[in-house]
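Numbering (this note's numbering) for the sequence shown: 10 to 100.
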Amino acid sequence: MVPASRLRKAWFRNRYYWQGISDAVIYLLTAEPSIRRRLARAFAMIGELLVSPARLGSLLLPTDDPARFTAKCHGWIIVGHIAGLLGRAGR
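If you want it as structure tokens, here you go:
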């Protein structure tokens with residue numbers, strides 16, 4: 010049985026955010042990028058979020074629409090990945 014806490018939007022947001030952190034850790038371990046390359050990748054990903062007001066809005070605005078919520082979750086992966094590249098991953 011799935012705990013009720015895992016059926017809440019906040020759980021999904023956190024889960025996808027931490028997936029982005031995990032993706033960044035894997036990237037850091039396998040590619041061993043320089044600080045400059047890490048920053049370049051992080052800023053490119055930030056640019057992806059900022060280039061589209063709709064994409065940025067999907068992260069910030071609440072929604073009950075399943076497709077928009079899916080887009081929001083995918084956006085949180087990007088946010089987590091950026092955080093991981095910038096140091097949240099502890100490297």
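Quick reminder that beta carbons are idealized off the backbone N, C-alpha and C, glycines included.
- Nearest to G96 by C-alpha distance, out of A63, R64, P42, R22, is P42.
- Rounded to whole angstroms, the gap between the alpha carbons of R24 and G84 is 12 Å.
- Residue range 44-59 is occupied by the alpha helix (DSSP H) that includes L58.
- Nearest to R77 by alpha-carbon distance, out of R22, S31, L37, is R22.
- Membership of A92 in the alpha helix (DSSP H) is indicated by the continuous run 75-92.
- Distance from the Cα of R64 is smallest, within the candidate group L48, C82, L38, R47, for C82.
- Burial is judged here by how many other beta carbons sit within 10 angstroms of a residue's own beta carbon; S67 has at least 16 and is buried.
- Per DSSP, L70 lies in no alpha helix (DSSP H) segment and is marked neither H nor E.
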